[in-house]
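2 protein chains.
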Amino acid sequence: MRVASINGWQDVQAEVLRRLHERLWKPGDLLPSEADLAAEFGCARTTVNRALQAIADEGLLERRRRGGTRVVVNPERRATFNIPLIRLEIEQLQREYGYRLLKRRQQRPSKAVRERMLVDAEASIVSLRALHTADEKPYVLEKRWIDLAVVPAAADADFSVQSPNEWLVEHVPFSGGDLVLSAQSASDEDAEALSCEKGAALFMAERRTRNTQDATITVVQLVYAPGYRMAIDL
Amino acid sequence: MRVASINGWQDVQAEVLRRLHERLWKPGDLLPSEADLAAEFGCARTTVNRALQAIADEGLLERRRRGGTRVVVNPERRATFNIPLIRLEIEQLQREYGYRLLKRRQQRPSKAVRERMLVDAEASIVSLRALHTADEKPYVLEKRWIDLAVVPAAADADFSVQSPNEWLVEHVPFSGGDLVLSAQSASDEDAEALSCEKGAALFMAERRTRNTQDATITVVQLVYAPGYRMAIDL
DNA sequence: GAGTGGTCTAGACCACCCT
DNA sequence: GGGTGGTCTAGACCACTCC
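Taken in sequence, the protein lines are chains P and H. Residue numbering for the first sequence is 1 to 234, as defined by our numbering. Residue numbering for the second sequence is 235 to 468, as defined by our numbering.
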């Protein structure tokens, strides 16, 4: 037998991956059909299907009805990462989490906020500034805007004890959105809140969250203290 | 009928997601068993399994043998994104891609490189600097180190026409690794290569790639020109 | 011990789409 | 038209783990 012994779909996946690694099937090549592979491996087609699906989900194979399964030519690496609650992120580092609400206003949106949230000038917005600390040291500055038309309850929420981050997770159904990562020079406000020098290079994550009706619930900018690293496994 | 009509696993997924949205099943709650749900939906247990698996993969449910399926309490958002070849990334922006090799050396690793690559002082390393441009303007500076013990062919590769990025994708079997995103102040070298001011806030991605034997193939630092944004859909 | 999810099997039908 | 992947079904056995 060429293959040690195929028991489950993970074995099939491993064997297919091995052949891809060894360039036995090269980029652009057409793989045998599921039925043929099932015959070769001595398992049900369903099992082969499951394995190939998993590999295709990773971006290494491309599958089409009637067209068969092809090895992708430019295998874009696809990375998955978690966006944890800041509190949990800090606690996982074995550091003591702290939180402080710096500012809270209810107001009409500025032009910049209107563009970010895609709301009109009449909207009622809760604007927040909060600081998350690790071992008493500034960790990340949270700048957040919440649309009260979409989340009326936010008007009465007490963000001085619970961070808007966590409050929203608890009170608002999850939904879609997007995330933009960038590097920014510290503004005066950033420098003061994070106790760093003005102009320092800061890692920033800006996240927009939409509900199921595609309305913008909230936009948040997380401005991390200097030295922050976002690690992702591939 | 309570439910419109359940045909496929995607319908089951949609219905379960609806119940999660509506808080019919709250964080921490135990869902009915797959068998019960299958009976309710009038489909096979396999179909329910597929649907719940998909939701669990998104991080919203937690499943355990014997323990059943639970709604996750703190639903960490899980995001996936592609890491494209730089050339394709630029071409997708409808800008003209350009590439220039700035420096190439073959040498023993410095202490900093040894730490990054986890190799010893005797290793033979190809050290590269290359610039990728969009419409003739600096886009990203690539600092790369390749371990010749792992990739001997890199000693003879001509990186002046093809970027190491693409050469490696073509010649080295894909593998695991990790990725670290951060913000850095532009060094003298960065500033000169990217035509920006020293100290400017730059977005940096550092990636380490390992082969199947867990040896470090290459480490690359991608230092992006000011203003770069990395966008991710959630 | 018993109930749960994890998975395999064999067969079936369908949607797609290349030739 | 016909071959491919996408999926469903019903039944089965197993692994895990809570009670």
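Think of the CB as a built atom: it goes at the ideal place given N, C-alpha and C, for glycine as much as any other residue.
Return the residue from the list H/333, H/259 and H/424 that minimises the CA-CA distance to residue 400 of chain H.
Against the second sequence, residue 400 of chain H aligns to sequence position 166. Comparing Cα-Cα distances from residue 400 of chain H to each of H/333, H/259 and H/424, the minimum goes to H/333.
Rounded to whole angstroms, what is the Cα-Cα separation between residue 289 of chain H and residue 212 of chain P?
Position 55 of the second sequence holds residue 289 of chain H. Position 212 of the first sequence holds residue 212 of chain P. Their Cα atoms are separated by approximately 17 Å.
Residue 128 of chain P beta carbon less than 9 Å from that of residue 111 of chain P
Taking the first sequence and counting its residues from 1, the one referred to as residue 111 of chain P is at position 111. Taking the first sequence and counting its residues from 1, the one referred to as residue 128 of chain P is at position 128. No Cβ-Cβ contact shorter than 9 Å links residue 111 of chain P with residue 128 of chain P.
Mapping the DSSP letters down to three states, classify residue 453 of chain H as helix, strand or coil.
Your numbering for residue 453 of chain H matches position 219 in the second sequence. Looking at residue 453 of chain H - three-state DSSP - the assignment turns out to be strand.
Which residues in chain H sit within 9 Å of residue 159 of chain P, going by Cβ to Cβ distance?
If you number the first sequence from 1, residue 159 of chain P lands on position 159. For the C-beta of residue 159 of chain P, not a single chain H residue is nearer than 9 Å; the gap to the nearest is close to 18 Å.
By the criterion of Cβ-Cβ separation under 7 Å, what are the contact partners of residue 234 of chain P in chain H?
Taking the first residue of the first sequence as 1, we reach residue 234 of chain P at position 234. Those are 410, 411, 412 and 413, listed as they occur along chain H.
Curious, which full-length alpha helix (DSSP H) runs of at least 4 residues does the stretch 346 to 378 of chain H contain?
You should have found no qualifying run.
Using a Cβ cut-off of 8 Å, pull out every chain P residue sitting near residue 366 of chain H, in sequence order please.
Locating residue 366 of chain H in the second sequence gives position 132, where the first residue counts as 1. Within chain P, no C-beta atom comes nearer than 8 Å to that of residue 366 of chain H; the closest sits roughly 16 Å away.
Quick check on the burial criterion: 16 or more other C-beta atoms within 10 angstroms. Buried or exposed for residue 46 of chain P?
Residue mapping note: residue 46 of chain P aligns to position 46 of the first sequence, counting from 1. The C-beta of residue 46 of chain P has fewer than 16 other C-beta atoms within 10 Å across all chains shown, which makes the residue exposed.
Quick one: which chain P residues come within Cβ less than 9 Å of residue 319 of chain H?
The sequence position of residue 319 of chain H within the second sequence is 85, counting from 1. Close to residue 319 of chain H, with beta-carbon spacing below 9 Å, are these residues of chain P in chain order: 74 and 76.
Opening and closing residue of the alpha helix (DSSP H) in which residue 283 of chain H lies:
Residue 283 of chain H sits at position 49 when you count from the first residue of the second sequence. Looking at the DSSP string, the run of the alpha helix (DSSP H) that includes residue 283 of chain H is 279 to 291.
Where does residue 37 of chain P sit, in a helix, a strand or coil, going by DSSP?
In the first sequence, counting from the first residue as 1, residue 37 of chain P sits at position 37. If DSSP states are grouped into helix, strand and coil, residue 37 of chain P belongs with the helices.
Given this structure, state the Cα-to-Cα distance separating residue 240 of chain H from residue 298 of chain H, to the nearest angstrom.
In the second sequence, counting from the first residue as 1, residue 240 of chain H sits at position 6. In the second sequence, counting from the first residue as 1, residue 298 of chain H sits at position 64. Inter-residue distance for residue 240 of chain H and residue 298 of chain H is about 25 Å (C-alpha atoms, whole angstroms).
Which residues in chain P sit within 7 Å of residue 180 of chain H, going by Cβ to Cβ distance?
Given that chain H is displayed from residue 235 to residue 468, the structure contains no residue 180 of chain H and the question cannot be resolved.
So, with DSSP's three-state summary, where would you put residue 184 of chain H?
Nothing can be reported for residue 184 of chain H, as the shown portion of chain H is limited to 235 through 468.
Residues bridged to residue 106 of chain P by DSSP?
Taking the first residue of the first sequence as 1, we reach residue 106 of chain P at position 106. Paired residues: P/126.
So which residues on chain H does residue 230 of chain P lean against when the C-beta distance must stay under 8 Å?
One-based indexing of the first sequence puts residue 230 of chain P at position 230. Neighbours of residue 230 of chain P on chain H, chain order: 414, 415 and 416.
Using the Cα positions of residue 265 of chain H and residue 292 of chain H, report the straight-line distance between them to the nearest angstrom.
Here residue 265 of chain H corresponds to residue number 31 of the second sequence, with the count starting at 1. Here residue 292 of chain H corresponds to residue number 58 of the second sequence, with the count starting at 1. C-alpha separation (whole angstroms): 17 Å.
Need the endpoints of the alpha helix (DSSP H) that residue 300 of chain H sits in, please.
In the second sequence, counting from the first residue as 1, residue 300 of chain H sits at position 66. Note, residue 300 of chain H: premise wrong, no alpha helix (DSSP H); not H, not E.
Candidates P/28, P/29, P/26 and P/51, of which the one nearest residue 37 of chain P by Cα:
Counting from one through the first sequence, the residue named residue 37 of chain P turns up at place 37. Ranking the options by Cα distance to residue 37 of chain P, first place goes to P/51.
Anyone know if the C-beta pair for residue 225 of chain P and residue 419 of chain H falls short of 9 Å?
Within the first sequence, numbered from 1, the residue matching residue 225 of chain P stands at position 225. Within the second sequence, numbered from 1, the residue matching residue 419 of chain H stands at position 185. No, they are not a contact pair.
Mark residue 152 of chain P as exposed unless 16 or more other C-beta atoms lie within 10 angstroms of its C-beta, in which case mark it buried.
Walking along the first sequence from the start, residue 152 of chain P turns up at place 152. Exposed, because fewer than 16 other Cβ atoms sit within 10 Å of the Cβ of residue 152 of chain P.
Chain-order list of residues whose beta-carbon lies under 6 Å from that of residue 113 of chain P (same chain, five-residue window excluded):
Stepping through the first sequence from its first residue, residue 113 of chain P is reached at position 113. Beyond the five residues adjoining it in sequence on each side, residue 113 of chain P comes within less than 6 Å, by CB distance, of 145 in the same chain, given in chain order.
Kindly indicate which three-state DSSP category residue 213 of chain P falls into: helix, strand or coil?
As a working mapping, residue 213 of chain P is identified with position 213 in the first sequence. Assigned with DSSP and collapsed to three states, residue 213 of chain P falls in coil, not helix or strand.
Spatial neighbours of residue 464 of chain H within its chain, please: CB distance less than 6 Å, with the 5 preceding and 5 following residues excluded, ordered by chain position.
The residue you call residue 464 of chain H lines up with position 230 of the second sequence. Contacts found: none.
Between the C-alpha atoms of residue 253 of chain H and residue 267 of chain H, what's the straight-line distance to the nearest angstrom?
The residue given as residue 253 of chain H occupies position 19 in the second sequence. The residue given as residue 267 of chain H occupies position 33 in the second sequence. Cα atoms of residue 253 of chain H and residue 267 of chain H: separation of roughly 15 Å, rounded to the nearest angstrom.
Between the stretch 42 to 58 of chain P and chain H, which residues of the former have CB atoms less than 7 Å from a CB of the latter, in chain order?
Listed in sequence order: no entries.
Within the stretch 71 to 105 of chain P, note down every full beta strand (DSSP E) run reaching 3 residues or more, in order along the chain.
Residue ranges of uninterrupted beta strand (DSSP E) with 3 or more members, entirely inside the stretch 71 to 105 of chain P and ordered along the chain, are 77 to 83.
Just to confirm before moving on: does the CB-CB distance between residue 436 of chain H and residue 428 of chain H stay below 9 Å?
Counted from its first residue, the second sequence places residue 436 of chain H at position 202. Counted from its first residue, the second sequence places residue 428 of chain H at position 194. Between residue 436 of chain H and residue 428 of chain H, the CB-CB gap stays under 9 Å.
Please report the straight-line C-alpha distance between residue 431 of chain H and residue 192 of chain P, rounded to a whole angstrom.
Residue numbering aside, residue 431 of chain H sits at position 197 when the second sequence is read from its first letter. Residue numbering aside, residue 192 of chain P sits at position 192 when the first sequence is read from its first letter. Roughly 23 Å between the two C-alpha positions.
For residue 217 of chain P and residue 210 of chain P, which I take to be in contact (beta-carbon distance under 8 Å), what is that distance rounded to the nearest angstrom?
Along the first sequence, read from residue 1 onward, the residue named residue 217 of chain P stands at position 217. Along the first sequence, read from residue 1 onward, the residue named residue 210 of chain P stands at position 210. The C-beta distance from residue 217 of chain P to residue 210 of chain P rounds to 6 Å, short enough to fall under 8 Å.
If the criterion is Cβ atoms closer than 9 Å, does the pair residue 75 of chain P and residue 27 of chain P meet it?
Here residue 75 of chain P is taken as the residue at index 75 of the first sequence, counted from 1. Here residue 27 of chain P is taken as the residue at index 27 of the first sequence, counted from 1. In this structure, residue 75 of chain P lies near residue 27 of chain P, with their beta-carbon atoms less than 9 Å apart.
Taking only the alpha-carbon atoms, compute the straight-line gap between residue 188 of chain P and residue 140 of chain P and give it to the nearest angstrom.
In the first sequence, the residue the question calls residue 188 of chain P occupies position 188. In the first sequence, the residue the question calls residue 140 of chain P occupies position 140. Straight across, the Cα-Cα distance linking residue 188 of chain P with residue 140 of chain P is about 15 Å.
Check the Cβ-Cβ distances between residue 23 of chain P and every residue of chain H, and say whether any is below 9 Å.
Numbered from 1 along the first sequence, position 23 holds the residue referred to as residue 23 of chain P. Residue 23 of chain P counts as touching chain H.
With distances taken Cα to Cα, identify the nearest neighbour of residue 158 of chain P among P/149, P/171 and P/120.
Counting from one through the first sequence, the residue named residue 158 of chain P turns up at place 158. Closest in C-alpha terms to residue 158 of chain P, from the list P/149, P/171 and P/120, comes P/171.
What is the DSSP secondary structure of residue 235 of chain H, counted as helix, strand or coil?
The sequence position of residue 235 of chain H within the second sequence is 1, counting from 1. Bear in mind that the predicted position of residue 235 of chain H carries a pLDDT of just 47, short of 50, making it too unreliable to give a figure here.
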